[in-house]
Structures are given as C-alpha cells and as structure tokens.
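Take a look at the structure below.
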Amino acid sequence: MKNFVEIIQSSINDTLGSWIYLLPEISLAFIFILMIIADLFWAKRIKNLVAIIAVSGLFIVFLEVIDQFILIPPQGVVLFSAMIKLSTAAIWYKVLITISGLLVLLFSLRDFQLRNTEKGGSEYYSLVLVVTLGLNFMVMAQNLLMIYLSIEFVSVCSYILAAYLTGNKRSEESGMKYALFGAVASAVMLYGMSLLYGFTGTLDITNQAFYNGLASINLMSASVALLLTLAGLFFKISAFPMQVWVPDVYEGAPTPITAFLSVAPKVAGIALLITFIRAVNSGGSPSGSVFLASTENLLAALAIITMTIGNFSALWQTNVKRLMAYSAIGHSGFILMGVAAYSMTGQKAILFFLFVYALANIGAFLVIGYFSNVFHSEELEDYKGMGMKYPLVSVAMVIFLVSLTGLPPTAGFVGKFFIFSAAIEAYMLGGNVLLLIMVVFGVVNTVVSLFYYFKIPLNLYLRKAKTEISLDKGNLLFSVIIIVLALFTLFLGVFPNKLIGLINF
Amino acid sequence: MLNGIPLEHFVIVSAVLFSAGLFSVLSRKNAIMILIGIELMINAGILNLVVFGAFDKQKNEGQVFALFAIVLAAAGVAVALAIILNVYRQFKTVEPNQVEEMKY
Amino acid sequence: MQVESIKLIETQHITTVIGAALGALLLPLLSFLIIGFIKPRKSDWLSIFFSFVSFLLSVYCFINTWNSEIHHFTWQWLNTGVIKLNAGIKIDNLSSLMLVLVTLITTLVLIYSTEYMKGEKYYNRYFAHLSLFMFSMLGVVLADSLLLIYIFWELVGFSSYLLIGFWFDRDSAAAANKKAFIVNRIGDIAFFVGIMILFTQFRTLDLSALFGTAGKAGLIQQSVVENGMWKFVDVFGQAKTLDSWMLTAAGLCIFAGAVAKSAQFPLHVWLPDAMEGPTSVSSLIHAATMVAAGVYLTARVYPLFNPDALTVIASIGAFTAFMAATIALTQNDLKKVLAYSTISQLGFMIAALGIGAWQAALFHLVTHAFFKCLLFLGAGSVIHQLHHVQHKHHLDFDPQDMRLMGGLRKQMPVTYLVLLVASLSLAGLPLFSGFLSKDLILIGAWSGEKPGSTIVAVLLSVTSALTAFYIFRMIFKVFWAENRLQKTVENIDVSVHESGKSMTIPMVVLAIFSLFAAFSINPLHGTHSWIYEGLIVPLNSFSPKIQYMEFAESWVPIITVVLAVAMILVARFAYYKQKMTFLSKQSFLYKFSYNAWYFDKLYNSVIVKSVVLLANSIRWFDTNIVDGFVNGTASVVQSLSAIVDWIDRNIVDGFVNGIAALAGRLGNLIRGFQTGRVQQYMALGVFGLILIIVLSYIF
Amino acid sequence: MTLSILIFLPIAFMILVALLPSSLNHTFKYITLAVSIVQLIIAGFMYTHFNHSLPGVFNEQTFQFVEKHSWINLNLGTLGKLQIQYFLGVDGISIGLLILSAFVMAIAALASWEIKTNEKGYFCLFLLLNAAIMGVFSALDFFLFYIFYELMLLPLYFLIGIWGGARREYASIKFFLYTLLGSVFMLLVIIGLYFSVKDPVTGAHTFDMLSMMNPANYVQGSVFDIHSSTLLFGVSPRLLAFAVLFIAFAIKVPIVPLHTWLPDAHVEAPTPISIILAGVLLKIGGYGIIRICMGIFPDGAIYFSWVIGLIGVVSIIYGAMSALAASDLKRLIAYSSVSHMGFVLLGIASLTVEGISGAMFQMISHGVLSSMLFFLVGVIYNRVHDRDIANFRGLYSQMPTYSVFVFIAFFASLGLPGFSAFIAEAFSLIGAFNSNSIPRWMAVVGAVGILLGAAYFLWTLQRMFFGKTRFKGGEEWQSQLSDVNTREIIALSPMAVVALVLGIMPFLFFDMSNSAMVELVNSTLKSGSLHLETLSKLLN
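Chains A, B, C and D are the protein sequences, given in the same order. With the first sequence counted from 1, adding 548 to any position gets you my numbering. With the second sequence counted from 1, adding 9 to any position gets you my numbering. With the third sequence counted from 1, adding 68 to any position gets you my numbering. With the fourth sequence counted from 1, adding 72 to any position gets you my numbering.
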C-alpha cells in the first residue's frame, strides 16, 4: 500500500500547489457568492449594488489575469494532475473573455429590456460572472472531464441568460431552442467522449496514450468518436453542422447577451478546439500525425461551408440582430480558416482576429442596443436616416461594419489579412490545394458580406427617415464605450503590431 | 470482470440507448419527451464511461466522469424544464414545433 | 534655274529671314488674341494692319529667298526615349511663294470684308477668326515637319469650322460646319496613319530629311523597294523593312488628307455646304488658300509617291475635275456654281500632280487662287447688293439664286468687268493667267506615255470646255438679259448699285493678278513664267518626271482655246438670247447633275445612317446585354421574393447582377433550413454530422 | 517629409472640420480649398525640385522625396519575419499624377460650392479622399498602397450615395462592389508576393514593391519565383497574378466590359465627385498597371500585351459609340472617358517608350480635360437641374463665355492640335504602330476612335449650342441660365490654360518622365522576355 500513499501525497501537493494559479477563477467564485449575499440583504437599500460589485469585481479579475503573464513560465504550467494547463495562449484568451465580459456588464447596465424585467438585474449579473468563470476553465481545460464540465457549466448558464426576459415571447423561445439543442449537442459530445475514453483508456488528451490509442484503432471509428466529441465544440463556436440554432437564439436573446454569446463562448470554443486539434495532431511518431491531412481537410471544408452559409443567408435579413447572427456564423468560418491553417502564424492570426472581431462585434451590438433604447426596434427599416440624427454613434457603427467586412484602415482588415496569410502559408508549406480554394472562398465571402453589412449604412445615411418624430437623446455611457471601441478598431488597424507584437507564444 | 458479461454487450446496449434517445428527440412532439430522449442519450454515454472505467482500476476516471455527468445532466434538465415552463406560459403549448416565431 | 546655285542654310537660331517669317506667322495670331481677349473697338483695322505687316514681311522673305537661299530653322521640341521631335520653319521657293500669296489675298479679303460684313452682330469675332485662320494657314506653309504640318492642318480645319459656322444660329450653317470638320477629320486620320508609317520607317518627320532639299536626296530616295520589301538602312546601319505595299499606303494615306482638304472625290461633299459661311470667307478659305493646302501638301511629299500612288492621284483628280464641272453646269445658286468650279479646278491641279506635271500644278494653284478668289468676291458684291434690296423692301427671296438675277452689268459695271476678267481667266483664254497654267497641265496630260494617261487627258480637256460653258452661263445669267427679279415684283424698284470702294479696290487688284502680265512675259506659253521656272521638281526615286511632247505643245493650246470660245458662244445663245435649251429639268442627266451626282444622299443613307445605327445598337447592347447580364434571371428571381428585388434595385446590375442573383438564390436556399423548429434543427445537426462522417470515410 | 505632409495635411484638417461646430458650415469649403491650394503649392515645389535625370522605377536610390520607416514587423514563426514599411517616394511615373491630383482636388474643392446639405460630413469625407489619393500615388510599399487604395472606396461610397442624384444608392454600391471585387483578389496576390519575396538587406518577407520588382529577391521555389515550375489551376502563377492585378486595376480604368459602373457613378455623383472620379480615380487604374503589373510581372506584360491592346481598342471604339448614342450630356462625357482611357491601355500595350509616355500623358491630359468637362456640365445642371442634350438649343447666344469654355474643352478633348489630348493620343498611337508586341491595325483602329470623338463632340455642339435659342424650360430657364460667374471662371481658366500649355509645351511633362519611361520599357522588355523563356523551358 506504499504507492497509494505516494499518490495521495503527490496529488495533494499538486493540488495545493495549483491553487495560486487559479487566483482569477477563485476570486470570480468569491465575487459570485458575495453578489448573491449582497443581493439577499442590501440590494433593496443600495440601488444596483450588485451591478457595481460585478463590474468592479470583474475588473479586479481582469487585473489578476494580466498578472498571470508574469506568474507563469513561458512553456506554461500543468495543474491539478493535468486537468488544466495554464499557458500564455490561454491567458490571452482569458484576457479577451474578461474584457468582453466587462463590456457586456457595462452594456447591460443601461439596457432598457433588462431594466424592465420583473426579476431585476442582480441574478443576471451573477450569471454573467459564472459564465465567465466557466469560459476561463474552458480555455485551460485539457482533460475530457474538465472539458465536459466547463462546457456544460457555460451552456446551462447561457440557457438561463438567453431566456432571461420572462414575459418576452422571443426571449423564452430562444431560451428553449438553445437549451434543447444544447442539451442534445452535449449529450452527443458525452457519448463521443465516452467512446474516446474507451478507445484510449485515458481522459487526458495531451497524454501520449491518448494519441497512440487513437492511432492504433482503425481510422473510421476514431474519427467517429472524435467527430461526436467535436460536435459539442462546433455547437459552441457555431460552426457547421451545429450552427443552426444561432440566428433564432441571437435574435431572441437580450441584446447584451447576444453580444456576449457571439464573442466569449466562441473565443473559448476556438481555444479548446485548438487544444484538441493539437492533441490529435501531436503525433509522437516521427512520421507525423495520421490525422494531420484529414483534420486539415475537414476543417477547411467546414470553414468553407460555415462562412458560405452565414454570409449568404445574411443577404436576406431585415432584422439587424438576426443579420449580425448570420455574420457571426460567417466569422466562425473565417476563424476556422485559421484553425485549418494549423501553424504558429495561424494561432497568432486567430488570436488577433478574435480580438478584432470581439471589438467590432460588441461595438456593433452596443450600437444596436443604443438604437433600440432610443426607438425600441431592431428592424432595418427603422434605421433610415438615423445617421444624421446620431452622427457619432452611426460613424462608429460604420467603422465597426467596415472592420467586420475587413477593409482598411480598420483592424478587421489586418485580421483578415493575417488569416489569409496563415492559410496561404499553410498552402505553401503543405501544398494542399483545398486550402487555396478555401482562401478564394474567403475572398468571395468578403465581397458578399459587403452586400449585407452595407445595408446598415445605406439605411443610416443614404435614405431619409420615414417619420420626422423627435427622438430622445441616446445614452451617454453607451456612446462613450462605442466611441472608445471604434477608436481602438481604427488604432489596431493602423498599428496592428502594438497588439501582435505583444502576442508571443 | 463485469461478471463474465462480455464488453460488447454493454457497448451495444449503450449504442441502442443512444439511438433510441436520439429517435425520441427527433420524433417526439412534446418537449418533455424530448428531454427524456436527451436523458437516454446522456445515459448511453454514462453507461459507456462506467463500463470502460471498470478496466481502469488505478484512477477510475470513468466512474468519476459518470458521477459528474449524472449531476450535470440533472442540472441541465432542470434548467430546460424551467425554461419550458416559461415557454408554456407564453405560448400555451409545450410542443417545440409550435414555437416558431423566429425563422429564416 | 539651276538647283546647285541655291544655298541651304540650316540654323539653330533666328536669322533675319527666319525672324521675318516668324513675324509673318505670329502677327495674325497676335491679332486674334488681342481681338479675342482685349476686344478693341477697331478690331477690323487692327487685323488688317497686322496682316498687311505680315504681308510686307513675307515679301521680304520672298525677295531674300527666291531662287537664292533655303532657310531651315529647327528647334528641339520634345524627346521621348530614342526619338527627338523638332519643330521648325523651312523657307524655300515654294513656301515663300505661298507665304506671299496667302498674306496678300488675306489682306485684300479683310479689306473687302470691312464693308461686306458691316453691321454683323459678331463683326469683331469675324476678324478674330479670320486672323486665326491666317495664322494656321501660314503655319501649314512654313512648317518643316509632317507633324507640324498636321498640327496646323487641323487648326486650319478648326478655323474654317468656326468661319463656316459664323452664322451659328442658322441650322444649316451649324450642320455644314460639323460636316466640313468631320469629313476633313476623315482625311486627317488617314494623313496621321501615313505619318505613323513614315515615322515607323524613318524615325523622323522632318520634311527636308525625308524628301530631300536643294538637290540633296532625302531618306525616301535612299530607301529601296526590292522583292516585295521596302528596305531602309538608317545612320546607325540597322536596316528597317516594311512590306512594299506600306510605301504605297503611306503615299495614299497622306494623299487622302489632301483629298479631304482639297475637296476631291470622294470627300468633296463638304465644300458646297461650306458656302453657308460668308462669301468673303468662301473666297479666301474655300477658293484661294485652304483648299489649295491639299495640293500644297501633295506637292511637298511628292517624292513619296510611287507609280501606283501617282496613278490613283491622277485618276481621282481627273474624275473630280470632270464630275464637279458637270455638276456646276446646272446649279442655280451663284456660290454653288463657284464652289463646284473650285472643286473642278482643284481636280485639275491634283491630276497634274498625278501625271507628273508638278510645276504646272503649283503654277495653276497660284493663278487659280487669284481669279477664283476674285470670282467669289464679285459674286459676293452682287449678293451683297441684292441682300440690301431684300432688306430695304422686306422681300423674301434667295439673293444667291441666279434665276432671279440678270441685266446687272449696267448697275454694277466694276463688278461686271472684274468678273468678266476672272471668268475669261478661268475659261482659259489667252492673255489671262488661267490660260498659262491650265494649258501647261493639259499639255502635260496629252504628252504622258503611261497607259490610260489619254483618259486623263480627255477628261481634263472636256472639263476645260465645260468650264468655259458654266462660267459664262453664270456671267450671262447674272449680268445680261433682263432683270428677272423685277418681273416677280412689279411695283417695287429692285435696281441695285455698285458696291463701295473698300469692296471694289481689292477686286480690281485681284483682277490685275488675273492677267498674264503678272506671271509671264510671253502670254501664250507658261513654261517661261518665273513661277514655273522657280519651282524645282523634287527628285524622286520612284517615278520618272515627264517630258512635254512637241505636238502637244503646239496643238493642245489651240484646240482648247477654240473649244472654249465655242462654248462661250453656246452659252451666249442659251442664256442671253435664250435661243436654245438642252436638258429638260425632268431628264435624268439634269437631275443627276443638279443633285451633285447624289453623293450627299448616298453618304447620308449609307455611312451616316449606319454609324448612328451602330451607335444606337451599341447603346442597346450596353444597357440590355452587358449591363443586364442576368436581368433575365434577375427578373425571375424578382418574382420569387421581395428581397432579391432589393438586391436588384439596390446592389448591382450587369455582370455583378448575375452573381448577386445567384448569391441571393443560394442564400434563400440555405436559410430555407431555418424553419424555426428546434427539432428540425437537431435533425440537421445530426445529419450534418453523419454526412461528415460518411464523407470523411469516402475520402 | 514632403510627401507625408501632402498626405496628412488633409487628415489633420479633416479632424479640425469634424471638431468645429456645425454653425461654421460656411467656413468648411474655404478650409478645404485652402488645404488643396497648399497641396498644390507643395506639388509645385516638388516639381521644381524634381531631378529629371533620376529614372526611379526599379531602383530605390533613384527615387526622390523618399521616406522609409519600419511600420509593422512580425515574427511569422515558420516562414520567417514579415516586414511592412511606411515607404513613400516619387519618380517620373508618379510625380505627374501627384501634381495632377493636387490640381484636380483644388478644382473639385472649388466645384464643391454647390454642396448645400450637411457640409460637415461632406468636407470631412472629401479631405479623407484627398489624403487617400495622395497616398496611393506616393506609396511604394504594397501593403501601404493597398490600404490607401481601399481607403478611397469608403468616402466615395458616401459622397456618391449621400449627395448624389436620383439613383445614387444603386450607383454608389455598384461602384463599391466592382472595385472591391477586383481588389480583394489583388489582396491574395499581395500575400502570395510577400511570402515569395525577401528583403535582401533584412532577410525578412517584405511588401516593398521595389524588392518585388527584382527577381533576385524571390525565395527559391516560392509561388512567384521565376524558376518554380508550380502551376496554379494549370496556369503559371506569375501570369495568373498579372491577370488578377490587371483586372483589379482595369476595373478602375475602366475597360469594356467592366465599365458599366462608370456611367452610373458619374451621372449620379455630384459635380465635384465626378471631377475627382474622372480626373484622378481612373488614373489610379492606369498607374497601377504601369507601376505594379508591368513592374512586378514584366513577363505578364509581354505575354498579355496583345489582349491589353485589344481591350484598349475595343474600349476606344465602344466608348465613343456609346457616347454618340448618349442623350444625357454627363453620360456622354462619361463614355468619352471610357474611350479616352482606351488610349492609355493601347499605349501601355505597345511596350514602347513613345507609347507608354503617350499613355501617361493621356492620363494627365484626360485628368485635366474631363475635370473641365464635368465642371462645365455641373454649371448648367446647377442652374436648371437638367442635362438632357435635347432640352437645350442655341446656348451659344444665351451663355457666350460659357460656350467658349465648352468649345475649348470639346475641341481639346477631340484631339485638336495645340491641346494636350492631341499629343497624348498621337504618341500612344505612334507607339502602338511602332510596337513589336501588338499588330499595327490596332493603332489604325484607334485612330478611327479620334474621328468618332470629333463626331460626338461636334454633334453635341450642333445640338446644344448652335441654332436658335430654345429651351425646354422656356422663359424660366432663360432667366436661370446666367453666364458663368467669377468663381466658375476662376475654376475653368486654369484647366483650359493647362490643357493648352501642355499641348504646346509637352516637354514640360516628357522631360520629367522620360528617363523613367526609358528605364521602365527597357527593363520590362529585357527581363520580361527572359522570364518567359525560363517559363517556357520549365513547362516543357
């Protein structure tokens, strides 16, 4: 019974040693609890106390996350007996997630729908924090159990957030669709994981045994198991074939949540996907991975299909939120291009692209929220002539859309540029023509995306407002955030290496 | 081990479970039935985990995973039920196919 | 006159002669600018003064260069890459002669105009434009390189455009000047193509370099045609070869430019319409100077023409001469008669060049300039007077219609006399300048050995007979018999009186130049004329120059004179005594001639119409095919959904429309899966997965 | 510094205009005008300080007013470093166009007096556009070039779309999409290029056009390496790339059949924007073809010269014919632009010094003349809001001074000697006729285009300006159609003068560009034919 003791001791030491690296997550949990208590006792007396706690708390967490850059060694640290791995890349993703979380919180503060729910906001804020917590684990997870846990963690909370507006038909509907579809997705994923476990005998995907197990059995069954597992991830990053739920949910959910869902889970999902792909591809055998070609082709194909579906369907939308939903699908496609071009450039490109995308997308949704605060509508029709009435915000909107389309001098252009470069580089190295075709598709899709993105400026500026009703002024907080985001988008467009330079892993 | 029952049987059973669940998920009109179907699918996964876990004497990861899965499944279903309840309040139906305000 | 004794002066800087020439060239431009921008009150006398000074300067040039020196001033204009283009002035006998001719006639016409154009709304503009024309015409004369000639060539066309359209508010004038410019442009394009060919072969456009000067052989002469290639070895010793037909092409292209300017068949149609301009303008531009530019150009580039080209030139000239003469027979419009007579005479000159009678052609150019200008001015003074009548009594008749004239010789003696002189000169009777030049041409024609040269000779002789007829038809119709206008209006007195001094004096001057004395001591033979001797035929490697044959020299003059006199008598019978009538107005020949061989009809119906049609069809193509590549598909999709309609109206058309429509359809197809039913979503997801698995299994 | 000032001056003032309160509406146009004039002065300074003997084109040392700063540096990991520079400079090719742009922008600023609504937005966009244009002509880093190139689209989209005519939505998006379609594919070529090219000094992958022009800098076996026998979709990558770039730029020129955006854009755009479109934007196409397509892919330039020449000829005739059929004056002028830009392509295809100089000169001359023409259309449109040729008659007696300007503009653009267009067309034709790369008949057909030019311009004169005065609007129009005012004369005269001066003293331009042209043509022919040989060797 000697080794038993050793195991216990080692694992205990390991666990105790690991806590310090989880500072952000732990503090998130504490803040969560604190918020609940605060909600219970003082919420009545101090108005939106909870919100304040949430924002300030999340900001602290943000600082802690930044702090982790110094904390960890360059090659990263493996924690909790290889349950999670905290690497520089992971920290970057966490930074991105926390920032978007912060933005969404600020967003939510002034969203008229949320303020008018009978539930009140407090529960909502705590949930956002919890989702953030889950996402943080997602980007670090590298054990099937951990992956499953964190994904479910995020999902379940997201269902509630999506359906948060009780008494709002659309919100409820989106909640239900999200929940049911999500549940099925996770069930499928669970089944796939169980198979993987069966094939490899380990849950730790970075473990060499995992790869060997997969490589040893016949490719067919391995790919079945893998695909079933990946289904859950595709659901999170809204990639084909699990993108179907996106438009309805995004349209129905409260705008801040839509903004959040369109960015944060996608970031985490991509991070996780990369971990997964790396695990599958890191063949210890000198002949390289047996999956390399197949995964490359698979991802390229998925990228093409996804972006095509997203952009082309978006052509028809008249509801701005739904339009943005489809555009989100399209962007998943673009990101998948980066993943398909599996390389160092690819990962940097993806990270930068995600940053840019987050900025522009949240910005765009903020503007949508701003407008729906003003005239309670998300229909394209009602945007007519607003450009002249709200110049600043509209200009910002144009900047965001230009960035999403990927034209200079905005960050979006640089992002797309890097993604394309990564793909072409991968083509040059591997010579896989499918990648080249993928790039051509990407280019065509860029043009197509202009069709629908520019319907918004078209209505904002080129058309005259139907009714000359005098509208109340927009919200100051929103305008400030929007302007700041717009400026960032431009800045990163002109000086991308200010950010890219920092990213080194 | 497994009291002499060969592994294949378990795997087949779980596969059948999964398929049955999937079938009910896709075919049932009532949301509750869909949830039950989902449960079946999850259980198929859990069954697999437990069975495979039996061969992993050292860490028993399978069993652990199974426990977590059960808990999370319960949580997920609870939330789903709550949402369905709200939906019922709004739409006066629990048939997902009737709930289709947003489409195309 | 020996070529050797002429001294060639190549210079980079401005000598006195060059300075004088430059002055003669630039003064008119100056007066144009002054009138155009400063708008002085006495613009007419300003321009007359300037042109008179420029006349004196040209006389100075003439005296200093005639038969003594050739001045060639070059200045590097621009260089791109390997080629350097020079601009410069070349004054040899020909150009100095033309210089004097142009400046003299212009001055006279300007003086004449002061009365003729009196009271016009745009009086000043008239003088401005005339000065501009003078400038460009002198440019053509003085230019030393083909490109430069081309430039002034077009400017001449432009100023004539302005002058024809002087009464721009008349629709007919507006149409006429457009027609003139475009027809000329056709020639210009050909001219330019010719230039391009020469440039490709020789890398220079300098006249003296290309065609030789003062006995020095030019590059043309150095190039040779052997076994179907036109070879030329340049100074760097590298040989350039073009197909030999390129040589003919070059010649004919440049000649085509001349055809347009000198209103030769088939591009003659613009000249009659150009009579829409003031008569003074017609006299200067469309009789004396501009139309002669074509002949001048052909003479300048003469060495370029190989026998084939010369044959074409001769036949076109002869045909034009004949055709125009027949047309002139029946015209009732005073100016139209003169216009066609001009075309006919130019045909003479061109034909002369074609058959190799180079000197005769240019000689005829000079004499013709004087008497034809005079004819127009005389006609102008008649028209002017009738115009006054028309105004005085507010009558409505065409003051140019000969059918309404008659018996004017009493009322306008001076005009009558000068016109008579001019007509005799045109008809080619001895003692008049016309006789000298025209007979040289005829003699040349008759003494050509080339097969078919007899046809040319016959045509020309017939033409000269016809000329005598139609011009005297005019004389008799206008000045003899009784005043037919009086018969149309009984009660009013429509008698006219002689024009004023400033109109008659120029006419008299011109009349003097229409006599033989101005050109030759011997009234009966032109070969001793100083002009004839002064003009040296440029040597030419491609075609032999002609010898005048004895029998021709002796017989041709006599026959032509006899014919002419006979014709004059016939005309007298027909139009003064009215004893005889030839063709009834219904007869085909009459119609054919009266309608100018139906050329306008032909061109309008064939060429103009087809161009317009083509243009319209292209527009149709543009809007319906290129633009609406998928407007067809689009319309289908349109009916499908309102949103494609949005794309249709608001996004793109044409080619992009295709893509847009396809994209729209695809999008519609895809979003069709978004039924809003969550279970179908799940199904989609699962089937998607299965699909992928299957596919990954296949590949 | 000069070029940077030229580029960023407008941006600085754009910010200023954006910050000024809208109550100062009336001042904005003066600010804009002042900026343009300052730019014009700077351009003049550059012209005077420009050293004619330095060819530029391929050699960085012989570029002038060069500015080179490191801008974006990345470690790409697998493929080494990526280096993007802020690299500006001018040579004989770009200086003329740079000066032209400054000139045209000033004219356009003067024409902007007609803008009455929402001045702030208008002038901000105007200045932004101005900056972008200057940038395009002075950028020597492909990345930088692309950014400026795309940056032009947005302002134009809004300028046409907001201040445009009836069908402005359609016209603006159409313009945007056509150009974007071309440029996104260009982006792919750019990426391919920078992976293939290494900066000899730093050894990093670079966007420096000049490095791209030197075959020595290509990485062995990379896509665009001359010695690589890889085929893309069965075609040699270099030729494919040339085709892609050419189409991208040709859309801007524009060429038949990719021209349909132009008439709509011109007709719908407000006068100043039409001026900029015709005066500068079209030139960017030609500039791109000369500088980039020919410079980087000489083999393509030779290989495709026949096609380019054919396209040029077709455009000449086709545009002229369409102009002949146009009933809207502005549309007529738009199509005449298509026709005139055809000469640019013809000259480029000739691959002779005369031809390409002619093409460059045609761009300058057309820039001035088309600006003048559009300005003139704007004059009557602003008075009576009608442009239909059939609705005017006898304008000459109604507006004499205006008509004189029209005369000058028309005759200048139909190639009357003494004006710039004649020299330009003559040279491109002579070049084409001399060329070994394209057949002679192309030049001849091109010459016919000149004839058609005369036809449609003179016909318009006849229909609109001659004859008895008669307008559709009758008395009302009579009163509205006042002759040109001082501002308009101030704007028109310089254009007329420039056209005339360039026509009489073309050496003002040729001396400046000559050395560059010789350099360009010679090395294009040399290296291009070399590459083609290697290619043909590789392929069999």
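Note that beta-carbon positions come from the ideal geometry of N, C-alpha and C, so glycine has one too.
Assigned secondary structure, residue i (DSSP; H/G/I helix, E/B strand, else coil)
i: glutamate 566/C; result: coil
i: alanine 889/A; result: coil
i: aspartate 256/C; result: helix
i: histidine 336/C; result: coil
i: serine 122/C; result: helix
i: phenylalanine 137/D; result: strand
i: leucine 597/D; result: helix
i: methionine 575/C; result: helix
i: lysine 110/B; result: Note that residue 110/B corresponds to glutamate in the displayed sequence, not to lysine. Three-state result, glutamate 110/B: coil.
Own chain residues within Cβ distance below 6 angstroms of residue i, not counting five before or after
i: phenylalanine 547/C; result: Leu476, Arg477, Tyr484
i: glycine 104/C; result: Ala196
i: alanine 827/A; result: Ile753, Thr754
Enclosing beta strand (DSSP E) for residue i [first to last residue]
i: glycine 156/C; result: 151 to 159
i: lysine 518/C; result: That residue, lysine 518/C, is in no beta strand (DSSP E); it is neither H nor E in DSSP.
i: tyrosine 158/D; result: 153 to 162
i: threonine 79/C; result: 75 to 79
Residue closest to residue i, alpha-carbon to alpha-carbon, out of the options
i: isoleucine 480/D; options: Pro227/D, Phe579/D, Ile348/D, Ser443/D; result: Ser443/D
i: asparagine 684/A; options: Glu671/A, Ile647/A, Val887/A; result: Ile647/A
i: leucine 467/D; options: His412/D, Met224/D, Gln534/D; result: Gln534/D
i: threonine 174/C; options: Pro96/C, Val251/C, Thr556/C, Ser213/C; result: Pro96/C
i: serine 599/D; options: Gly525/D, Gln434/D, Tyr375/D, Phe257/D; result: Tyr375/D
i: leucine 105/D; options: Ile510/D, Ala504/D, Pro82/D, Met73/D; result: Pro82/D
i: glycine 963/A; options: Gly886/A, Phe1002/A, Phe919/A; result: Gly886/A
i: threonine 12/C; options: Met166/C, Ala361/C, Ser119/C, Ser111/C; result: Any property of residue 12/C remains undetermined from this structure, which presents chain C solely from 69 to 767.
Cβ-Cβ separation, residue j to residue i (assumed contact under 8 angstroms), whole Å
i: threonine 541/D; j: arginine 465/D; result: 6 angstroms
i: leucine 1033/A; j: glycine 911/A; result: 4 angstroms
i: alanine 69/D; j: valine 261/D; result: Residue 69/D is absent from the model: chain D starts at 73 and stops at 612.
i: phenylalanine 438/C; j: phenylalanine 581/C; result: 4 angstroms
Residues near residue i by beta carbon distance below 8 angstroms, same chain, minus five either side
i: lysine 188/D; result: none
i: tyrosine 765/C; result: none
i: methionine 393/D; result: Leu524
Cβ shell of residue i (< 7 angstroms), same chain only, five flanking positions each side left out
i: glycine 280/C; result: Gly286, Gln289, Pro371, Pro606, Leu607
Residue i, enclosing alpha helix (DSSP H) - first and last residue
i: valine 797/A; result: 794 to 800
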